[in-house]
Amino acid sequence: MTPAGKRCGKIGLAARQPLAGVVIFAAHLAGFIITAATIVCLAAVMAALVRVFFTD
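So this is what it looks like as structure tokens:
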């Protein structure tokens, strides 16, 4: 079996196991939440910097 075939087989196996699918979904969701939180934090920091530099 080719490596690509093996990878597809693993994905198919995960799809057949509901728990594995839930874990993968949760991992994606956690990554998305972390990314969103990081963006919000960066926006807050930038807003604070803008306030500091432009309100003298």
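Going letter by letter, the sequence shown gives residues 7 to 62 in this note's numbering. Every residue, glycine too, gets a C-beta built ideally from N, C-alpha and C.
- DSSP places residue 61 outside both helix and strand once states are collapsed to three, so it counts as coil.
- The straight-line gap separating the alpha-carbon atoms of residue 57 and residue 30 is approximately 41 angstroms.
- It is roughly 43 angstroms from the alpha-carbon of residue 32 to the alpha-carbon of residue 61.
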